[in-house]
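For the sequence shown, this note's numbering begins at 77 and goes up steadily by one.
First comes the structure, then the notes that go with it.
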Amino acid sequence: MARIVMKFGGTSVADLDRIKNVARHVKREVDAGHEVAVVVSAMSGKTNELVGWVQNMPKVVGANSPFYDAREYDAVVASGEQVTAGLLAIALQAMDINARSWQGWQISIRTDNAHGAARIQEIDGADIVKRMGEGQVAVIAGFQGIGPDNRIATLGRGGSDTSAVAVAAALKADRCDIYTDVDGVYTTDPRIVPQARRLKKIAFEEMLEMASLGAKVLQVRSVELAMVHKVRTFVRSSFEDPDAPGMGDFLNPPGTLICDEDEIVEQEVVTGIAYAKDEAQISLRRLADRPGVSAAIFGPLAESHINVDMIVQNISEDGSKTDMTFTVPSGDVDKAIKVLGENKEKIGYDVVQNESGLVKVSVIGIGMRSHAGVAATAFKALADKGINIKAITTSEIKISILIDGPYAELAVRTLHSCYGLDKN
Ligand code: ADP
Ligand code: ASP
Ligand code: MG
77 MARIVMKFGG TSVADLDRIK NVARHVKREV DAGHEVAVVV SAMSGKTNEL
127 VGWVQNMPKV VGANSPFYDA REYDAVVASG EQVTAGLLAI ALQAMDINAR
177 SWQGWQISIR TDNAHGAARI QEIDGADIVK RMGEGQVAVI AGFQGIGPDN
227 RIATLGRGGS DTSAVAVAAA LKADRCDIYT DVDGVYTTDP RIVPQARRLK
277 KIAFEEMLEM ASLGAKVLQV RSVELAMVHK VRTFVRSSFE DPDAPGMGDF
327 LNPPGTLICD EDEIVEQEVV TGIAYAKDEA QISLRRLADR PGVSAAIFGP
377 LAESHINVDM IVQNISEDGS KTDMTFTVPS GDVDKAIKVL GENKEKIGYD
427 VVQNESGLVK VSVIGIGMRS HAGVAATAFK ALADKGINIK AITTSEIKIS
477 ILIDGPYAEL AVRTLHSCYG LDKN
């Protein structure tokens, strides 16, 4: 007997038939004698609808912030998961399984105060563990917890993955299965590149880079938690027949295992390609080339919670003036330009230019640590396709390249095949 946490994403619970299908997956593990806790997302599209409703409400008159009250945003958007948890508990009960639904505050899943993007701080799993021992299945609403102000707090988009891994760590589960609409983690998004290959295993560090650099199959924070708490996490499909042979295999379930790198015997140089849309580039022209200028630019941007990514500073031709270019998410451009304008005197630049609609494509692989020439291969392959590179950043296990938006899919496909990742 083992303890398993099973998480089902939005498309897996998109309608009543799919919720009944999810119940069959749960029943399979219960019948095998395992203790089971389930974490569910809202039905597909529901969270977007709830967010849209909040955004279309009138703003507080006279408020100098263009944003709504984040606590009430959380009260509204967390409701989707409550519905699915209740419906799945009903479906399980109808199959003669002792099941009970739980919201974040009932467990409780304690978070910090960052409403809308809260982080889980502590989970009190004692009651759930006791009930699991008595044969009860806990059906937990993902994406939500309770903040220090005793109000519902949500974990950021895609946050049910994080709920699941955090619950698995708190309950000391033997495994955390993330069920979704693809049957594992692929070498790149299989919806963009049909030649993408499913990976049997991927190292935590690589998955962390893939998720941070745009692969939305797992929320970044969930991978961090899995890595820190050594949670054995599988990504697998809810669309396969729950009773097909091998589906209940405890050691080798179908899907992709996220694990320590030493568990991966044949490490490829490049494991995967990720991409992130909606990047924007901002350039400060004819900037004073002196100590402190970077601090004058990036300090105020950080204080305004603007996430700066790639940074390129040109060599100064005359020793007194230079150009600085960096990227931010497209949605933050207006805010960034405003902050830079407010600090123009202090920074000392001539003009600011910006360009939106760019895409960052990234090549990821632990094998890069010990192989030279990986970046050069990417640059040559992109050049052969006539794709212009606007900026580059590298780390030990990744190379990120900024390009024009319309070339995104071509670039992902090109990089995928130039490293031999295509199927067959
Ligand atoms: P869920 O609703 O189950 O949480 P998501 O839509 O958040 O599912 O994540 C699954 C999607 O992630 C897939 O449908 C796929 O298009 C996308 N995806 C992006 N990159 C990858 C990748 N490398 N491997 C698998 N899926 C990926
Ligand atoms: N329902 C939430 C969202 O759409 C959380 C999740 O699905 O993981 O972002
Ligand atoms: Mg998701």
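Just so it is clear, CB atoms sit at the ideal spot from N, CA and C, and this is done for glycine as well.
For residue 442 and residue 336, I'd like the C-alpha separation in whole angstroms. Here the question's residue 442 lines up with position 366 in the sequence shown. Here the question's residue 336 lines up with position 260 in the sequence shown. Our two residues, residue 442 and residue 336, have alpha carbons roughly 11 Å apart in a direct line.
Which listed residue (368, 196, 470) has its alpha carbon closest to that of residue 452: On the sequence shown, position 376 is the one that residue 452 refers to. Checking every option, the nearest Cα to that of residue 452 belongs to 470.
Would residue 83 and residue 240 qualify as a contact pair, given that the criterion is a beta-carbon distance under 9 Å? Residue 83 sits at position 7 when you count from the first residue of the sequence shown. Residue 240 sits at position 164 when you count from the first residue of the sequence shown. A contact, by the Cβ cut-off of 9 Å.
DSSP has residue 458 in a bridge; who is on the other side? Mapped onto the sequence shown, residue 458 falls at position 382. Partner(s): none; residue 458 has no beta bridge.
Shortest alpha-carbon distance to residue 132 belongs to which of 117, 149, 119? Counted from its first residue, the sequence shown places residue 132 at position 56. Scanning 117, 149, 119 for the CA closest to the CA of residue 132 turns up 149.
In the DSSP output, what is residue 348 paired with across the bridge? If you number the sequence shown from 1, residue 348 lands on position 272. According to DSSP, which records beta bridges pairwise, residue 348 is partnered with 440.
Three-state secondary structure (DSSP) at residue 357? Translated into the one-based positions of the sequence shown, residue 357 becomes position 281. Three-state result, residue 357: strand.
Alpha carbon to alpha carbon, how far is residue 204 from residue 210? Give it in angstroms, no decimals. Along the sequence shown, one-based indexing puts residue 210 at 134. Along the sequence shown, one-based indexing puts residue 204 at 128. Per the coordinates, the alpha-carbon of residue 210 lies some 10 Å from the alpha-carbon of residue 204.
What does DSSP give as the partner residue(s) for residue 470 in the beta ladder? Residue numbering aside, residue 470 sits at position 394 when the sequence shown is read from its first letter. Partner(s): 475.
Going by DSSP, which residues form a beta bridge with residue 274? Within the sequence shown, residue 274 is the residue found at index 198, counting from 1. Paired residue(s): 262.
From the DSSP output, in three-state form, read off residue 405 for me. In the sequence shown, the residue the question calls residue 405 occupies position 329. For residue 405, the secondary structure class from DSSP, reduced to helix, strand or coil, is strand.
Mind checking who residue 83 pairs with in its DSSP beta bridge? Position 7 of the sequence shown, counted from the start, is the residue given in the question as residue 83. DSSP lists 115, 254 as the bridge partner or partners of residue 83.
Taking the straight line between their C-alpha atoms, what separation do you get for residue 482 and residue 432? Stepping through the sequence shown from its first residue, residue 482 is reached at position 406. Stepping through the sequence shown from its first residue, residue 432 is reached at position 356. Roughly 12 Å separates the two Cα atoms.
Can you tell me the Cβ-Cβ gap for residue 153 and residue 130, rounded? I've got them flagged as a contact below 8 Å. The sequence position of residue 153 within the sequence shown is 77, counting from 1. The sequence position of residue 130 within the sequence shown is 54, counting from 1. So it is a contact: roughly 7 Å between Cβ atoms.
Are there any heavy atoms of the ligand MG lying less than 8 Å away from the beta-carbon of residue 117, as far as the coordinates show? Locating residue 117 in the sequence shown gives position 41, counting from the first residue. Distance from the C-beta of residue 117 to the nearest heavy atom of the ligand MG is below 8 Å.
Hey, how far is the Cα of residue 539 from the Cα of residue 468? Since the first residue shown for the chain is 77 and the last is 500, residue 539 is missing from the structure and cannot be characterised.
Below 8 Å on the Cβ atoms is my contact criterion, and I expect residue 187 with residue 176 to pass it. Report the Cβ-Cβ distance as a whole number of Å. Here the question's residue 187 lines up with position 111 in the sequence shown. Here the question's residue 176 lines up with position 100 in the sequence shown. About 22 Å separates the two Cβ atoms, so there is no contact after all.
Pick from 427, 124, 476, 234: whose alpha carbon is nearest that of residue 438? Residue numbering aside, residue 438 sits at position 362 when the sequence shown is read from its first letter. Among 427, 124, 476, 234, the Cα nearest to that of residue 438 is on 476.
Just verifying my parser: in three-state terms, what is the DSSP assignment at residue 212? The residue given as residue 212 occupies position 136 in the sequence shown. Of the three classes helix, strand and coil, the one that applies to residue 212 here is coil, per DSSP.
Exposed unless 16 or more other CB atoms sit within 10 angstroms - verdict on residue 414: Within the sequence shown, numbered from 1, the residue matching residue 414 stands at position 338. Taking all protein chains shown into account, residue 414 has fewer than 16 neighbouring C-beta atoms within 10 Å of its C-beta and is therefore exposed.
If distances are taken between C-alpha atoms only, which option among 296, 269, 465, 272 comes closest to residue 282? For the purposes of this step, residue 282 is taken as residue 206 along the sequence shown, with counting starting at 1. Ranking 296, 269, 465, 272 by Cα distance to residue 282 puts 296 first.
With DSSP collapsed to three states, give me the class of residue 188. Looking up residue 188 in the sequence shown gives position 112. Three-state DSSP puts residue 188 in coil, outside helix and strand.
Cross-strand partners of residue 397 (DSSP beta bridge): Along the sequence shown, read from residue 1 onward, the residue named residue 397 stands at position 321. By DSSP's assignment, residue 397 forms a beta bridge with 364.
Simplified DSSP state of residue 428, which is helix, strand or coil: Counted from its first residue, the sequence shown places residue 428 at position 352. DSSP, read as helix, strand or coil, puts residue 428 in strand.
Run the CB neighbour count on residue 447, radius 10 Å, all protein chains shown included, and call it buried at 16 or more, exposed below. Counting from 1 along the sequence shown, the entry for residue 447 is found at position 371. Exposed is the call here.
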